[in-house]
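Residue numbers (my numbering), protein chains in the order written: chain V, 21 to 122; chain D, 9 to 645; chain F, 61 to 238; chain Z, 27 to 518.
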């Protein structure tokens, strides 16, 4: 529990779970939730490096704070897009959004 | 240089004679096309100036010592130098005069013949174009200039044959004439190029000098001579290329008289004479020409024996006489060939112009019909035509007699008697078919006084009493002039020979050496006339020729020995059907198809790849991450 | 007693706590990812985020842990729940899973994890030579208003723009005729 | 900055008059159609007068490049704005000027999207002038692409039969050509080691090894050759001609195809003379194929414009044959033929365009007897057709004569074959003339007007040019020779 790699592995696993979630979910909100997981994985990494490696242990915390801020913004935008998309598609199924199809 | 243009009367006259008609052509085409009378006036004025100049040149150089040459730069390109100029020697002066005289007469005659035609101005423009091309060709100093104007003459011929372009047969005939002569011209051009590359010069005088043998091998001379003769064959309708000339009769009759009997078709023979010394360097080539001339003469004579169309008869006879001239030249009698060319120009133009009067009068080309409707009532043309036909048959004392005798003399001088016999047979046939026509008109089996020409706007009275008298006489005067030329020209045999041959040394075989030949030839001609009398002339004659009684033979002759069929088939099946079609398909299917195939393959692969762009974010991301991860794995481990 | 005492020895207690936090995190993450019902997912997310907050405590920053709870759990998750509840998606039937897709996703996830794991294990991690030991919130606040002032402001601006954007996007879509 | 201006920059003035014309047209409102046409006419007139003036003002005794303008543009790459006129491009400049002016006049009756049409035309012609006058590889390539681009909208918007297909095909072919040219140019640029695009500097003997020349030559020859309609790559040209509107066909067949041939001469032959000699055999084969093949395919066509399109293929084959001979005469003939064919084709297309405008058909079987209905329009066509057949005393006769003489000398068999192709080309041209213009007058065309005096002017100009250079070919040849003789003599 006191080694850097433990935290890094935890973060990696969380990140992979997030990726898995993003890819397999068919609803947008599910994807958003999975993305939050990935962001958290990143936060953990920052905090871990901050704890074990960084010369100034404040910087990592600040970054984590910023990530939270970004996450809030991202969630707001994502939710509004979801709502808009829902109005358009009458579905939350992401696979219906295919306008970029070649 | 510029000042001498006006100081030297010879040069001025030559330039005027040759170039004035071109100015006329341009003037008519650009400005005076809507004014037919003015156009005709300009044209005739120009050609009469040409005539005066030609006669002035001929008379002032009657005692010409050596050829006069003028040349100015036309084109210089690298090794090629093409001057534009004039070469005045005996031969070109004679030819120039012939062309000028006949052009003048025909243009005057056309005033009557073409009166009221919607294309009157255009007709005179083309006539001027022809006169320009022909005269400039006659006095060309180099073979390249000769070739250039030779082609232009062909163009004028095309335009004039297809003059009644609304008639399909006329435009078809024009096209045929152009393409067929083009065929010969290609050979001519290749031959010229051979000479140019190996001899280095196309100046006519140089080509005629003995230098040629020094610089070119005999085989090369033979090859180039035969190739150049291709041009003669095309233009003068010699053996394989002879069928365009009868079709060319679709043009207005004066045109037939001018171009397709007297002058243009004789250009081939003229060219033969022009570089006669060059040709005579190769015995093999000369023999070939002799054979071609003979075949042409006999084939055309047989064709003339069965046709009912007056112009066709004279057309075949033109081909046949041209063959005769070629025979004469190829037999080595330079003078005989040219003399026959000269006399032939006179009497054949006369024949056509007379026929023109008949055609104009009766609006038919069938001479049996003409006889039926009272053709003999037209006194002046009838007499003139009989005189001309007699000249054509070689009856004394008309001009044709002298020139034919000269050729016979030349033929008799050859080792192989076959040529002489063929010539005599030709003379017999000529007399037969000419008088077949004359007798058919003179002594028709029944006469109907009312002829078709009476109705419509084209009715003319016979000899007078009508408002068309003026036109009739406009047409008659040239006939009378030509007839008198035909009558007297024979007696200028010796002066002309002295003038022409003085420089070619005494190598000529004289026609008069063989007295027996003279009697045989005249006898054969008379027997030809007699046979025609038996079958067509005497009272109660059946008016069916002996050839027409033999069905296969007459069919063979009437179909022109199937030469035309062969060409037609060749063109339709081989050129259009196979080559052209195949190439077109190749273009559409193979080349275009290939390119389109490449395009389609591109589009298709794009379409196939578009399935990857499903537009689904998740898959895109999935691929992105997988690739990223794999790349990272690859790089780190 | 001894054994119990030994059980509640601080470092063992800490380790047990750590294990609990990790379990909490992954359990939450799995719930957030797997079930098809979105409400479960959100609840899973909340659990997971709480676990992460616990990790932050173990990483020596209770302040950030608190912020994590406050912002993530208190704000983001709640807003997602509001979004679900206030709009209709919840009432619609949840799309079915498709096995190939899940398999693919699992494969990609595994590959990514392998990559990350490889990188983590192969990298020789070196702490900085001289490390400050000042962890106080005071310094953090000081930094935020001095050195990271600009970033701080930028983040505020981003949030503002995001909120405006969210309003515009959802509002624009509403005005649009379907 | 090194700058050289001999005196007044005539060449730039020509370019500028196109560009300024383009700009002025862009600032005129759409509805003022007559004003747009007059502006186009004035600027194209200035262009034509300047280009003709240059042709006659060229000092033949001095020779070489004249009217030179040379400004360094990009120092690090050695790109110069370098224009000059010599015996090769003067005829082309004059041709472009004449065809532009007559083309503008020919489209006088245009009513749809007038502004865009003339704007694109000026853009196109600016590119063409640029290629002809530039002596810098980079600029040649840029101008070349400038001239290609407007073809697509010009055909796709104002065209007729299968216009999208034609436009697309043409654009794709020509861009494919560019795709060969660019590597060729870059290959030469990189291997010269001189760090310059200046043709005069690059053409110093010894700049490139024989291998480099052979390699670059074939790239450039094929690239430019596509635009010149070299045999197996010719199929874009009939299709494009057919689809294009009249004046675009005129410019396209009259000038643009020359651009390709000129590119072969100016870039490929100038820079890679040894490659030229090496590939000359191949060029001669392709050219002969083009001559004979074009004529035969033309024989089977029923669309007037297709016939002309294939005749262009055949005639451009003559240009190619001239270039393939590696002789002074061949070069002279080729350049002369480019000029003569340009004028002749422009005349053909303008006549056909008129007939098509009035009768709304260009299918030969549906026409006939046009000589009665529109004698003047038919007359122009027939003159042009006769020029195409190679009738003497019309400009293209001399060009063909020179090419054939030199071709027969260099390649007797191929030369003879090509000369025989003349018979076929005579046959198919006369066939068209006969079917279309001769024969009975058609009732349904009775009411159609003949060419008016105003619309006759451009055609008269073209006829006058054809006849003038037919009667006085040395006016043209003396200028071309000044360039071709030193060039051939300077060959290694």
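By construction, the Cβ of each residue, glycine as well, lies at the ideal position given by its N, Cα and C atoms.
None of these values were measured; they are calculated from a predicted model.
Limits of the alpha helix (DSSP H) - the one that residue 646/D falls within: Here chain D covers residues 9 to 645 and nothing more, so residue 646/D does not appear.
Contact with chain V by residue 101/F, beta-carbon distance below 7 Å: yes
Delimiting residues of the beta strand (DSSP E) encompassing residue 110/Z: 105 to 111
Contacts that residue 633/D makes with chain V (C-beta to C-beta distance below 7 Å): 39
7 Å Cβ cutoff, residue 651/D in contact with chain Z: Residue 651/D lies beyond the stretch modelled for chain D, which goes from 9 to 645, so this question has no answer here.
Beta-carbon contacts of residue 134/Z that lie in its chain and below 7 Å, excluding the five residues immediately before and after: 63, 480, 481
Proximity winner among 505/Z, 119/Z, 323/Z, relative to residue 593/D (alpha-carbon distances): 323/Z
Beta carbon proximity, residue 187/F to chain V, threshold 7 Å: yes
Outcome for residue 367/Z when other beta-carbon atoms lying within 10 angstroms are tallied against a minimum of 16: buried
Interfacial residues, the region 159 to 170 of chain F to chain D, with Cβ spacing under 9 Å: 161, 164, 165, 167, 168, 169
Beta strand (DSSP E) segment containing residue 89/D, residue limits: 88 to 96
Interface residues of chain Z facing residue 592/D [CB-CB closer than 7 Å]: 323, 326
Residue range of the unbroken beta strand (DSSP E) whose run includes residue 77/D: 76 to 85
Straight-line Cα distance separating residue 145/Z from residue 47/Z: 8 Å
7 Å Cβ cutoff, residue 93/F in contact with chain D: no
Beta carbon proximity, residue 43/V to chain D, threshold 7 Å: yes
CB contact check: residue 589/D to chain Z, cutoff 7 Å: yes
Contact list for the region 187 to 209 of chain D against chain Z, Cβ threshold 8 Å: 187, 190, 191, 194, 197, 198, 201, 204, 205
Proximity test, Cβ basis, 7 Å: residue 348/Z and chain D: no
Cutoff 7 Å: residue 625/D Cβ touching any chain F Cβ: no
Any C-beta of chain V under 7 Å from that of residue 112/F: yes
Residue 344/D beta carbon less than 7 Å from that of residue 265/D: no
Alpha carbon of residue 41/D to alpha carbon of residue 460/Z, nearest angstrom: 22 Å
Which residues DSSP lists as bridging residue 389/Z, in chain order: 329/Z
Cβ of residue 60/V within 7 Å of any chain F Cβ: yes
Residue 160/Z - partner residues in DSSP beta bridges: 109/Z
Closest by C-alpha distance to residue 395/D, when choosing among 191/D, 447/D, 208/D: 447/D
Reduced DSSP secondary structure (H/G/I, E/B, other) of residue 520/Z: Any answer about residue 520/Z is impossible in this case: the structure gives chain Z only from 27 up to 518.
Rounded distance between the beta-carbons of residue 165/D and residue 267/D, thought under 8 Å: 5 Å
Span separating the alpha-carbon of residue 387/Z from that of residue 268/Z: 12 Å
Residue 292/D beta carbon less than 7 Å from that of residue 230/D: yes
Closer than 7 Å to chain D by CB, residue 315/Z: no
Anticipated Cβ contact below 8 Å, residue 342/D with residue 284/D, distance rounded: 5 Å
Run of the alpha helix (DSSP H) containing residue 64/Z, from where it starts to where it stops: 59 to 83
Residue of 416/D, 348/D, 90/D minimising C-alpha distance to residue 524/D: 416/D
Beta carbon proximity, residue 23/V to chain F, threshold 7 Å: no
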